[in-house]
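143 is the number of the first residue of the sequence shown in this note's numbering; add one for each residue after it. No residue lacks a Cβ here, since even glycine has one placed at the ideal position from N, Cα and C. Note that the structure is predicted; figures quoted are calculated from it, not measured.
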Amino acid sequence: MLDSFTSSVWWAIAAVIVAYTVRWCFDPIHSIPTVGSSPLPILSYIGGRRFMKYSRQILQEGYAKYHGSVFKVALPDEWAFVVSGPELVDQIRRWREDELSLAEVGNERFQLRHTVGFKATYDRYHIGMLKNELTRNIRAICPDLLDESAVTIPEYIPQSTEWTKINVITAVKKIVARVSSRVFVGLPACRNSEYIEYAISFAADIRHDGQLFRMFPSFMKPLIAILFSQSRKTLKRCVPIVKPTIDKRKAMMATSTCDSQGDRPNDLLQWILNIAVPGEETDLDIAARLMGINSASIFTSSTTVTIALFTLAQNPEFVETLRAEIDSVIEENGWTKTALDRMWKLDSFLKELLRDSFLLTSMSRRTLKDITLRDGTTIPRGVLVMAATDATHHDDAVFEDASALDPFRFARMRETDGEAHKHQLAHTTVDFLAFGHGRQACPGRFFVAGVLKAVLSYMLVHYDVKLSDEPWTPSYRGLDIIPPLGDLMFRKREI
């Protein structure tokens, strides 16, 4: 009888193996070529670990072999399907959110339901504010960006006539958080040191929590969030800091003298309150929306400014050209939005940095239904799709001498008749994908461009910079760039 039972067990195991093998063989994803890994079970997990170290090379190999089509790469926890070529990029950007979802990617990566909470995850009106209210008000808020840059930067980078060693990423995170928060929460809250520390911490915490929560099944995540979520703890600590400002705004909104939006402060917090107060959201919900936007702004802007400063220190010949332009437009226009708009070379320099070494992929989407690409390839429901950004940016057929860092490449392009607006930093195309492309391109990119130019123009005018240690070269862990972590030397510029 024991032999019969043992035989039945082995037959059951064999049936499971056969069923799995048949399902694996007929899975449509296996008709899509694999790069950098074996498509076989278990071996693909080894490929995922390899991708963490050699991601840039693997994506470049796939782009070279399958340009104009799609290939897949093994990430540590799933397959990613990478498209390239203008036709497929254009097709990806045209699909609706209920077919290819950007929100779903963010929800999964940062486990938003368990970090920022249910309301900020599924009622994302604050994201729409970046594209609408924030973008429409860029000219109105630019004086605040410039003023806060002038006040904040000397606090973290002393204007000494002697060379001073500064850990750049640490200082720049605080500078960017303060300058951005001037527009997000206004004065005096943006200068509250505790609020700035929590904003910076949350940007790191939410990424840490996302990685942690993905290790557990869904039914365990609420408990894990209660016990171990650093971002939830940071949010709760932040609430007492912003509560006085929130209470003051609510009281002001309740008075008869402030019954129209034109009488209210013109910042992100107020735009959120205009919806949150009638919706009876809690202070924690409001703080979650603020911190969520803060985290994206701090990560993108601080990394870009840090890379820019290291690039200037390593290429001092760029500095004089940039300074000559900035000094000229400031003399003519003062520290204004018009002046920032006329800094074509600075705009080009920043755009070139994003082209040369920032994102390996962009336009990440989760398929919510089976989709068929123009080349006939079917990508099944539930998988991750993205565009080969870095490989596109380094294609000589797209950009002349694409492997070279040419800081004024885009400024020259703008000099052609009819091209003045097409090659600005925040402008996206099927070939420039640092901010994504299409309806779901980064909604805050015009604001980010303003922050970057306000901060860097001030630094170029008021500081000299040089290397302290070894030069920086771009490196990546998986899909994420590792920003420069070292020091630079700063001193007050002699004018």
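CA-CA distance, TYR162 and HIS172?
Your numbering for residue 162 matches position 20 in the sequence shown. Your numbering for residue 172 matches position 30 in the sequence shown. With a pLDDT of only 49 at TYR162, under the threshold of 50, the placement of this residue in the model should not be trusted; the figure read from the coordinates follows. Rounded to the nearest angstrom, the two C-alpha atoms are 14 Å apart.
Cβ separation of LYS564 and GLN301, assumed to be a contact under 8 Å, to the nearest whole Å:
As a first step, residue 564 is located in the sequence shown; it is residue number 422 there, counting from the start. As a first step, residue 301 is located in the sequence shown; it is residue number 159 there, counting from the start. Contact flag wrong, Cβ pair sits at about 38 Å.
Among PRO183, ILE200, LEU182, GLU229, nearest to LEU502 - alpha-carbon criterion
For the purposes of this step, residue 502 is identified with residue 360 of the sequence shown, where counting begins at 1. With distances taken between CA atoms, LEU502 lies nearest to ILE200 out of PRO183, ILE200, LEU182, GLU229.
Look at the Cβ atom of VAL597, then the Cβ atom of SER335, and state whether they are nearer than 8 Å.
Your numbering for residue 597 matches position 455 in the sequence shown. Your numbering for residue 335 matches position 193 in the sequence shown. No; because the gap between Cβ atoms is not below 8 Å, this pair is not in contact.
Beta-carbon within less than 7 Å of ILE299's beta-carbon, same chain only, minus the 5 sequence neighbours each way: which residues are those?
As a working note, residue 299 is residue 157 in the sequence shown. So the list reads ILE308, ALA313, TYR605, PHE632, once near-sequence residues are dropped.
Residue range of the unbroken alpha helix (DSSP H) whose run includes PHE213:
Position 71 of the sequence shown holds residue 213. Element bounds for PHE213: not the alpha helix (DSSP H) but the beta strand (DSSP E), 212-216.
Cα-Cα, which of ARG255, ALA222, LEU432 is closest to GLY189?
Translated into the one-based positions of the sequence shown, residue 189 becomes position 47. Checking every option, the nearest Cα to that of GLY189 belongs to ALA222.
Assess contact between the region 584-593 and the region 510-530, defined as three or more Cβ pairs (one per stretch) separated by less than 8 Å. Is contact present?
no
For SER470, count neighbouring C-beta atoms within 10 Å of its own C-beta (all shown protein chains included) and say buried if the count is 16 or more, exposed if not.
Start at 1 with the first residue of the sequence shown, and residue 470 comes out as number 328. Exposed, since its Cβ has fewer than 16 Cβ neighbours within 10 Å.
Run the CB neighbour count on TYR337, radius 10 Å, all protein chains shown included, and call it buried at 16 or more, exposed below.
Reading the sequence shown from its first residue, position 195 is the one you call residue 337. Burial call: buried.
Report the residue from ASP512, PRO549, ILE521, ILE513 whose alpha carbon sits nearest the alpha carbon of SER499.
Stepping through the sequence shown from its first residue, residue 499 is reached at position 357. The shortest Cα separation from SER499 among ASP512, PRO549, ILE521, ILE513 belongs to PRO549.
Which residue wins for smallest C-alpha separation from VAL247, given the options GLU494, GLY524, ILE440, THR294?
Numbered from 1 along the sequence shown, position 105 holds the residue referred to as residue 247. With distances taken between Cα atoms, VAL247 lies closest to GLY524.
Opening and closing residue of the beta strand (DSSP E) in which LYS634 lies
Position 492 of the sequence shown, counted from the start, is the residue given in the question as residue 634. From DSSP, the beta strand (DSSP E) with LYS634 extends over 629-634.
Could you tell me if ALA393 is buried or exposed, where buried requires 16 or more neighbouring beta carbons within 10 angstroms of its beta carbon?
Taking the sequence shown and counting its residues from 1, the one referred to as residue 393 is at position 251. Answer is exposed; the Cβ neighbour count stays below 16.
Considering only C-alpha positions, which residue in the set ARG278, ILE513, VAL607, ASP543 is nearest to PRO458?
Taking the first residue of the sequence shown as 1, we reach residue 458 at position 316. Here the closest residue by C-alpha is VAL607.
Return the chain-ordered list of same chain residues with a C-beta closer than 7 Å to the C-beta of LYS487, the five sequence neighbours on each side being excluded.
By one-based count along the sequence shown, residue 487 stands at place 345. Within the same chain, LYS487 has close Cβ partners THR463, LEU464, GLU467, PHE550, ALA553.
Distance between LYS195 and ARG619 (C-alpha atoms, nearest Å):
As a working mapping, residue 619 is identified with position 477 in the sequence shown. As a working mapping, residue 195 is identified with position 53 in the sequence shown. C-alpha separation (whole angstroms): 6 Å.
With a threshold of 7 Å on Cβ separation, who are the neighbours of LEU288 within its own chain once the five nearest residues in sequence on each side are excluded?
One-based indexing of the sequence shown puts residue 288 at position 146. So the list reads TRP477, ALA596, once near-sequence residues are dropped.
Looking at the unbroken alpha helix (DSSP H) that takes in THR257, where does it start and where does it end?
By one-based count along the sequence shown, residue 257 stands at place 115. Where THR257 is concerned, the enclosing alpha helix (DSSP H) stretches over 254-257.
If I follow the unbroken alpha helix (DSSP H) through ILE624, where does it start and stop?
What you label residue 624 is simply residue 482 of the sequence shown in a count that begins at 1. For ILE624, there is no enclosing alpha helix (DSSP H), as DSSP marks it with neither H nor E.
If I measure Cβ to Cβ from LEU627 and keep anything under 7 Å in the same chain, skipping five residues before and after, which residues do I get?
Taking the sequence shown and counting its residues from 1, the one referred to as residue 627 is at position 485. Here the set comprises ILE311.
Count the other CB atoms within 10 Å of the CB of LEU495; is the residue buried (16 or more) or exposed (fewer)?
The residue you call residue 495 lines up with position 353 of the sequence shown. The residue in question, LEU495, is buried, as its Cβ has 16 or more Cβ neighbours within 10 Å.
Pull the bridge partners of ARG507 from the DSSP assignment, please.
Position 365 of the sequence shown, counting from 1, holds the residue named residue 507. DSSP lists VAL527 as partners of ARG507.
Taking its Cβ as the centre, do 16 or more other Cβ atoms sit within 10 Å of ILE624, making it buried, or is it exposed?
Working through the sequence shown from its first residue, we reach residue 624 at position 482. That one is exposed.
Are the beta-carbon atoms belonging to LEU410 and ARG391 less than 8 Å from one another?
Locating residue 410 in the sequence shown gives position 268, where the first residue counts as 1. Locating residue 391 in the sequence shown gives position 249, where the first residue counts as 1. Not a contact, by the Cβ cut-off of 8 Å.
I'd like to know if the region 426-442 and the region 506-520 are in contact, where contact means that at least 3 CB-CB pairs between them fall below 8 Å.
The answer is no - the region 506-520 does not touch the region 426-442, with fewer than three Cβ pairs under 8 Å.
Give the secondary structure of GLY578 by DSSP, where H, G and I count as helix, E and B as strand, and everything else as coil.
Translated into positions along the sequence shown, residue 578 becomes position 436. If DSSP states are grouped into helix, strand and coil, GLY578 belongs with the strands.
Are ASP573 and PRO359 touching if we call contact CB-CB under 8 Å?
The residue labelled residue 573 in the question sits at position 431 within the sequence shown. The residue labelled residue 359 in the question sits at position 217 within the sequence shown. No, they are not a contact pair.
How would you call ALA583, buried or exposed, if buried means at least 16 neighbouring beta carbons within 10 angstroms?
By 1-based counting over the sequence shown, the position of residue 583 is 441. A buried status is given to ALA583, since no fewer than 16 other beta-carbon atoms sit within 10 Å of its beta-carbon.
Determine the burial state of ALA262: buried for a count of at least 16 other Cβ atoms within 10 Å of its Cβ, exposed for fewer.
Residue mapping note: residue 262 aligns to position 120 of the sequence shown, counting from 1. ALA262 is buried by the Cβ-count criterion.
For ASP347, count the other beta carbons within 10 Å of its own beta carbon; 16 or more makes it buried, fewer makes it exposed. Which is it?
Working through the sequence shown from its first residue, we reach residue 347 at position 205. Counting every other CB atom within 10 Å of its CB across the protein chains shown gives ASP347 a total of 16 or more, marking it as buried.
Quick check: SER323 and CYS332, are their CB atoms within less than 8 Å of each other?
Taking the first residue of the sequence shown as position 1, residue 323 is located at position 181. Taking the first residue of the sequence shown as position 1, residue 332 is located at position 190. Going by C-beta atoms, SER323 is nearer than 8 Å to CYS332.
Could you compute how far the alpha carbon of ARG508 sits from the alpha carbon of THR176?
Working through the sequence shown from its first residue, we reach residue 508 at position 366. Working through the sequence shown from its first residue, we reach residue 176 at position 34. Cα-Cα distance, rounded: 19 Å.
Simplified DSSP assignment, three categories, for ILE513
Taking the sequence shown and counting its residues from 1, the one referred to as residue 513 is at position 371. Three-state result, ILE513: strand.
Can you pull the DSSP bridge partners for LYS307?
For the purposes of this step, residue 307 is taken as residue 165 along the sequence shown, with counting starting at 1. Bridge partners of LYS307: MET631.
If you measure between the beta carbons of PHE589 and LEU244, is that distance less than 8 Å?
Counted from its first residue, the sequence shown places residue 589 at position 447. Counted from its first residue, the sequence shown places residue 244 at position 102. Result no, Cβ atoms of PHE589 and LEU244 do not sit closer than 8 Å.
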